[in-house]
Amino acid sequence: MKFDLTLYRGYANEKQIILFGHVFKSIAPDYLLNDKKGYRHAKGVFEMFTIKTLNNALVKVSFQNQEITTRTVNDGYFRICIPCENIKAGWHNFTAEAFYEDYKVTEKSEFLKPYPGKIGVISDIDDTFLISHTNNLFKKLYVLLTKNVKKRKIFEDVVAHYSLLSRAGREDKMETNTFFYVSSSEWNLYSFILNFTQLHKLPKAVFKLKKIKSGLTDFLFSGRGSHNHKFNKIKDILEFYPEMRFVLMGDDSQKDPFLYAKIVKYFPENVEAIYIRQTKSKQNSKTVKMLQEVEAFKIPTCYFEHSSKAIEHSKKIGLL
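All residue numbers for the sequence shown refer to full-length UniProt numbering, where the first residue is 1 and numbers rise by one.
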């Protein structure tokens with residue numbers, strides 16, 4: 001039986017390593033787009049959102065002298081925690097094997113232990129750095145179905161801003177600040193988003209996306225619905241790194257301002273600043289109100305249309 005294993009970038013602190021991935025029937029989503037054009041790209045997108053996963057597949061993860069065995073849950077997902085001590089900061093490789101019936105698949109990936117420092121960045125994806133037209137369902141679907149990764153657009157000066165934040169406060173050229181890309185996009189789109197960030201040379205990051213989907217209806221409502229998962233994922237990051245302060249990057253097309261304001265109330269000492277991109281011609285009054293609530297905690301905010309303004313703000317408050 002043919003099946004496939006996809007590993008995602010993991011992350012670690014002083015005590016544990018978190019690693020995760022999916023096991024799929026047939027092939028993984030990363031083979032379905034692969035720079036296709038025209039109707040082949042559209043067909044690949046549909047196939048990506050109707051992909052089938054394997055429940056209860058055996059997965060063995062290896063790092064250094066440790067081996068941890070687990071099994072996938074209903075949607076093919078697995079997540080493990082490996083105890084660790086004295087791991088150096090930086091990116092580390094690990095290996096995983098998936099077993100199903102008499103077959104085996106082996107893959108490699110990596111995880112990040114942050115370099116010593118106080119600042120990290122948690123960024124949304126759609127309409128924060130990747131132009132996605134989230135406010136317009138039909139335009140969003142049109143772009144998703146007709147534009148491959150090389151034709152998708154990024155906001156001007158985003159790369160400059162993120163690159164500066166990646167190096168902020170660092171003297172050692174080998175060290176960078178930690179980035180997480182947390183989104184309501186589903187894991188179906190992981191390889192597409194990963195390729196986009198690499199193509200545009202955005203900072204290397206750990207991804208935390210929404211539960212994988214496997215139906216046509218799921219495709220039509222991709223990225224929509226409840227955003228509670230996003231709050232929980234950010235909450236998990238802040239609890240995992242209690243000594244760090246994070247810059248939160250988002251936009252006003254959905255619920256980022258409200259989620260980030262809620263995060264501040266839970267973690268007032270762990271948020272360094274909040275940046276919200278303006279996606280319409282006028283500022284959203286509810287977003288303005290949410291950011292005013294955040295500033296009551298003495299946390300600087302920036303509601304911007306162009307990333308050049310965000311860069312100026314980061315310099316003004318001493319982030320850069």
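The beta carbon of each residue, even a glycine, is placed where N, CA and C say it ideally should be. Note that the structure is predicted; figures quoted are calculated from it, not measured.
Supposed close pair residue i, residue j - CB separation, criterion 8 angstroms
i, j, result
"L165", "L259", "That belief does not hold up - the Cβ atoms of L165 and L259 are roughly 20 angstroms apart, past 8 angstroms."
"R79", "F24", "Their Cβ separation, rounded to whole angstroms, is 16 angstroms, which puts R79 and F24 out of contact at 8 angstroms."
"V182", "K208", "5 angstroms"
"T128", "K108", "Not a contact, Cβ separation roughly 29 angstroms."
"S184", "K210", "5 angstroms"
"N177", "G117", "6 angstroms"
Residue i vs residue j beta-carbon contact at 8 angstroms
i, j, result
"S132", "D124", "no"
"Y11", "I212", "no"
"V45", "L130", "no"
"I234", "G250", "no"
"F246", "E272", "yes"
"V149", "R9", "no"
"F99", "A42", "no"
"I237", "I82", "no"
"G120", "Y241", "yes"
"N135", "S214", "no"
"P202", "P257", "Per the sequence shown, residue 202 should be read as Leu rather than Pro. Taking 8 angstroms as the Cβ cut-off, L202 and P257 do not qualify as a contacting pair."
"E156", "H306", "yes"
"H161", "A310", "yes"
"I274", "V294", "yes"
"F297", "Q278", "no"
Those residues which DSSP pairs with residue i across a bridge
i, result
"Q254", "Its beta-bridge partners do not exist; DSSP assigns none."
"E67", "S62"
"L248", "I122, I274"
"K208", "V182"
"A98", "V59, V105"
"T301", "I274"
"H200", "Partner(s): none; H200 has no beta bridge."
"C81", "I18"
"H92", "F111"
"F129", "For F129, which the question treats as bridged, DSSP gives no partner whatsoever."
"K25", "F3"
"T287", "Answer by DSSP bridge pairing: none, since T287 is not bridged."
"A42", "For A42, which the question treats as bridged, DSSP gives no partner whatsoever."
"A12", "I17"
"T53", "F24"
Proximity winner among the options, relative to residue i (alpha-carbon distances)
i, options, result
"T53", "K43, T72, V59, R170", "T72"
"Y115", "F155, E171, D236", "E171"
"K104", "K147, K60, I68", "K60"
"N188", "Q64, E14, H22, N13", "H22"
"K230", "S214, K37, L248", "L248"
"K88", "Q64, T70, T95", "Q64"
"E85", "E14, A96, F138, N136", "E14"
"E186", "T50, I122, K316", "T50"
"A168", "K37, K315, I154", "K315"
"I17", "R40, M48, K36, S62", "S62"
"E239", "E156, Q198, I263, S253", "I263"
"V197", "F304, S184, S214, V158", "Per the sequence shown, the amino acid found at residue 197 is Thr instead of Val. For the residues F304, S184, S214, V158, the minimum Cα distance to T197 belongs to V158."
"M244", "K113, E67, E97", "K113"
"T146", "K289, D75, Y39, T178", "Y39"
"residue 389", "K37, I154, F111, I27", "Because the chain here runs from 1 to 320, residue 389 falls outside it and cannot be looked at."
"N55", "N284, K139, F3", "F3"
"K286", "S163, S308, A261", "A261"
"H200", "S163, K140, L141", "S163"
"K36", "Q66, I68, K255, K151", "K151"
"T69", "E97, S308, G90", "E97"
"G90", "E110, P300, S191", "E110"
"T6", "E67, Q66, D75", "D75"
Proximity test, residue i beta-carbon vs the ligand ADP heavy atom, cut-off 7 angstroms
i, result
"A168", "Looking at this structure, you won't find the ligand ADP or any other ligand, since it has none at all."
Within the segment 139-192, note down every full alpha helix (DSSP H) run reaching 4 residues or more, in order along the chain.
-> Segments of the alpha helix (DSSP H) lying fully in the segment 139-192: 158-167.
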